[in-house]
Amino acid sequence: MFDFLTAENEESALEQLHDLGCTDGLPVIIPTVERVTKSILATGLDGDMVLGVLGPLMGVATVEKVAAAAVMAGCKPDYMPLLVAAVKAVAQPEFDLSELQATTHCTAPLIIVNGAARNTCGPVASGYGALGPGHRANASIGRALRLCLINIGGGRPGISDMALHGHPGKFTYCLAEAEEESPFPPMHTSLGFDESDSVVTVLGCEAPHSCLYSDNADDPEDAEKLLHILSVGLTNIATNNAIFASGMALVCLGPKHANVLARSGHTRESIQKRLWELTHLSKADHIRFGGEFGKHFIDDPDGEYPAFKAQEHILVMVAGGVGLYSMVMPNWGGAGHQNSAVSMKVEADFFCEIPGLGGA
Amino acid sequence: MVTLITEDFWDQGSFVATSLGMPDIPRVRLPHPIAGLGEEKIGLIAEEVIEDILDSFENV
Chain A
1 MFDFLTAENE ESALEQLHDL GCTDGLPVII PTVERVTKSI LATGLDGDMV
51 LGVLGPLMGV ATVEKVAAAA VMAGCKPDYM PLLVAAVKAV AQPEFDLSEL
101 QATTHCTAPL IIVNGAARNT CGPVASGYGA LGPGHRANAS IGRALRLCLI
151 NIGGGRPGIS DMALHGHPGK FTYCLAEAEE ESPFPPMHTS LGFDESDSVV
201 TVLGCEAPHS CLYSDNADDP EDAEKLLHIL SVGLTNIATN NAIFASGMAL
251 VCLGPKHANV LARSGHTRES IQKRLWELTH LSKADHIRFG GEFGKHFIDD
301 PDGEYPAFKA QEHILVMVAG GVGLYSMVMP NWGGAGHQNS AVSMKVEADF
351 FCEIPGLGGA
Chain B
361 MVTLITEDFW DQGSFVATSL GMPDIPRVRL PHPIAGLGEE KIGLIAEEVI
411 EDILDSFENV
């Protein structure tokens, strides 16, 4: 159970939470017992149930603590199954959470939602501006995970979170795949899940980088040119993936670009393979620009090296509005498990609908 | 064991040491940043802290 804080009113409670460093700097909903209890009830799980241990503080993430973060972030109780899955995912060793929180690199957990839970536990936006403002589920679920990382995982800027600059996705970073607009099967089916499953995938990554490509259906090289553009955005010698030759990254195709690739016969797997090939980089550049890291190829300086160890390390999803842009999100790759993406099935079997709840 | 921690990361080192149950792990403070200083300056820093490092081993 919590050590309960007391305050005369919500205004002073908010100031107290700010003073204690329990917020992300923005106002939060006060996590009263009544509000937190409703969010716990919505999960159908025991409040004391442990979802994982979050570093670097090695705090124990119980359903109750996560529910408090959800309330603070402005989540509806309906969103809890997604948040629970996201917390379980970042607590897996492969995610390297302690190192991700502590690194000087700018990296934050991006939450990607697939399956029916996009709507039943949302709606989580996947179209125009999905990573921007105006979508309550996206905004509050990502924010709730951040508050868990602050208050359970102990990620405090300049003390235990040493990101030199941070990035805006450290406030919130969450979207769904636009499965209905995608010409490919949903991303989670490529990750070994059934299409009927709902899945949360988390990837620690940089802020999204825009890739502009003006497609032309009459150009026989259309798809190849698009893949080249994406590969340049994805991996150049300035990125961690290029310098560390490790880690994972996400390519978030706009629906228009996804269709350019699909009509040329590409599948998700063939896109990953071609992007992996195109992200082979010059060893000479690595030696020249890699600084201390550039010594890796010093005894074998000719030719190229792969920025990613395997094609599966380049995740491909579809989201966003219809137009000329896709996004790429490189990652850090410096920790023991190379900051792998982790996918977690959304367990909504025990979810309880709380009548009359419009929110926190 | 002794850990070498640069000035800006001193608080983080203490935070992690405590959270991992090793609050008394020997630590030696280095200037920040340490990367990219070049061999000569690194050598000077090493000369400045070598006694602290050796003392840390003796105090374990």
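Protein chains in written order, with this note's numbering: chain A, 1 to 360; chain B, 361 to 420.
Glycine included, every Cβ here is placed at the ideal spot set by N, Cα and C.
Only a predicted model underlies this, so the values are computations on that prediction, with no experimental measurement involved.
Nearest to residue i by alpha carbon, out of the options?
i	options	result
aspartate 48 of chain A	A/Val60, A/Gly55, A/Lys38, A/Pro56	A/Val60
lysine 170 of chain A	A/Val346, A/Ala144, A/Leu5	A/Ala144
alanine 223 of chain A	A/Ala245, A/Pro208, A/Ser270, A/Ala238	A/Ser270
serine 374 of chain B	A/Gly154, A/Gly265, A/Arg274	A/Gly154
proline 81 of chain A	A/Val113, A/Asn240, A/Leu275	A/Val113
tyrosine 79 of chain A	A/Ser190, A/Cys121, A/Pro330	A/Cys121
glutamine 311 of chain A	A/Ser196, A/Leu275, A/Gly334, A/Ala258	A/Leu275
leucine 51 of chain A	A/Ala70, A/Gln92, A/Arg35	A/Gln92
Using 9 Å as the limit for Cβ to Cβ distance, is residue i near chain B?
i	result
serine 282 of chain A	no
leucine 57 of chain A	yes
methionine 72 of chain A	no
arginine 156 of chain A	yes
glycine 21 of chain A	no
methionine 49 of chain A	no
threonine 102 of chain A	A small fix is needed here, since residue 102 of chain A is alanine in this sequence, not threonine. Closer than 9 Å: yes.
serine 98 of chain A	yes
glycine 166 of chain A	no
glycine 291 of chain A	yes
isoleucine 159 of chain A	yes
methionine 162 of chain A	yes
The beta strand (DSSP E) that contains residue i, what's its start and end?
i	result
arginine 156 of chain A	Unbroken run through arginine 156 of chain A: none, as it is neither H nor E.
serine 126 of chain A	Unbroken run through serine 126 of chain A: none, as it is neither H nor E.
asparagine 236 of chain A	From DSSP, asparagine 236 of chain A is part of no beta strand (DSSP E); its letter is neither H nor E.
What residue range is occupied by the uninterrupted alpha helix (DSSP H) comprising residue i?
i	result
threonine 366 of chain B	Taken as a continuous stretch (DSSP letters only), threonine 366 of chain B belongs to no alpha helix (DSSP H), being part of the beta strand (DSSP E) at 363-366.
glutamate 64 of chain A	63-73
Hey, does residue i have any beta-carbon neighbour from chain A nearer than 9 Å?
i	result
phenylalanine 369 of chain B	yes
leucine 390 of chain B	no
glycine 403 of chain B	no
serine 416 of chain B	no
alanine 406 of chain B	no
glycine 398 of chain B	no
leucine 380 of chain B	yes
valine 362 of chain B	no
valine 376 of chain B	yes
Please classify residue i: is it buried, with 16 or more other beta-carbons within 10 angstroms of its beta-carbon, or exposed?
i	result
leucine 226 of chain A	buried
aspartate 302 of chain A	exposed
serine 343 of chain A	buried
valine 63 of chain A	buried
threonine 363 of chain B	exposed
arginine 263 of chain A	exposed
proline 168 of chain A	exposed
threonine 201 of chain A	buried
glutamate 408 of chain B	exposed
valine 298 of chain A	For clarity, residue 298 of chain A is isoleucine in the given sequence; the question names valine instead. Flag for isoleucine 298 of chain A reads exposed.
Once the 5 residues before and after residue i are set aside, which same chain residues still bring their CB inside 6 Å of it?
i	result
isoleucine 30 of chain A	Glu10, Ala13
tyrosine 128 of chain A	Gly321
valine 90 of chain A	Leu97, Pro109, Val202
glycine 294 of chain A	His286, Ile287
aspartate 412 of chain B	Val388
Please return the same chain residues whose Cβ sits closer than 8 Å to the Cβ of residue i, not counting the five positions on each side in sequence.
i	result
isoleucine 229 of chain A	Cys211, Leu212, Tyr213
Ignore the nearest five residues each way along the sequence and tell me which others in residue i's own chain have a CB closer than 7 Å to its CB.
i	result
aspartate 24 of chain A	Arg143, Arg146, Leu147, Ile150, Phe171
threonine 267 of chain A	Phe184
phenylalanine 417 of chain B	Val362
isoleucine 111 of chain A	Ala86, Ile141, Gly142, Leu145, Tyr173, Cys174, Val200, Val202
threonine 366 of chain B	Leu390, Pro391, His392, Pro393, Ile394
glutamate 206 of chain A	Cys106, Thr107, His167, Met329, Pro330, Asn331
alanine 217 of chain A	none
How about residue i: is its C-beta nearer than 9 Å to some C-beta of chain C?
i	result
glycine 233 of chain A	This model lacks chain C altogether, as its protein chains are A and B.
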